[in-house]
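What follows is a short report on a single structure.
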Amino acid sequence: MAGHQTPHFHNQPGVPTIRIGVREFMCTGALPPLDHPHTFIDMGDSDDAICPYCSTHYVFNGALGHHADPSACEYTPDTAP
1 MAGHQTPHFH NQPGVPTIRI GVREFMCTGA LPPLDHPHTF IDMGDSDDAI
51 CPYCSTHYVF NGALGHHADP SACEYTPDTA P
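So the sequence shown is numbered by the numbering used here: it starts at 1 and just counts up by one.
Right under this line is the structure:
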């Protein structure tokens, strides 16, 4: 799988809120094969967004950079089965 420039996050752990350091990202829901369509989300000027597929609440925290809190919610080719 080729690397991607847009950060991808998932909610395999089932947490109610994921803090992320970007305002534009992809939500995958859970990890494959239980993922939903990879959805591009743009928070715009807002500090939060809710995925329309899985209802995960994402909250912006610029100090995180391209990372997530909890870090287990960062999707990388290494996390894919």
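Glycine residues also receive a C-beta, built at the ideal position from the N, C-alpha and C atoms.
Would a C-beta distance cut-off of 8 Å place Phe60 and Ile18 closer than the cut-off?
No, they are not a contact pair.
Got a sec, what are the start and stop residues for the beta strand (DSSP E) Cys27 sits in?
Looking at the DSSP string, the run of the beta strand (DSSP E) that includes Cys27 is 24–27.
Is the beta carbon of Cys54 less than 8 Å from the beta carbon of Cys27?
Cβ atoms of Cys54 and Cys27: closer than 8 Å.
From the DSSP output, in three-state form, read off Ala30 for me.
In the structure shown, Ala30 sits in coil (DSSP, three-state: anything other than H, G, I, E or B).
Once you ignore the five residues that flank Pro52 on each side, which residues in its own chain have a CB closer than 8 Å to its CB?
Excluding sequence neighbours, Pro52 sits near Thr39.
Nearest to Thr6 by alpha carbon, out of Val15, Gln12, Glu24?
The candidate whose alpha carbon is nearest that of Thr6 is Glu24.
When the Cα of Leu34 is compared with those of Pro70, Gly14, Asp69, Asp45, which residue comes out closest?
Of the candidates Pro70, Gly14, Asp69, Asp45, the one whose C-alpha sits nearest the C-alpha of Leu34 is Gly14.
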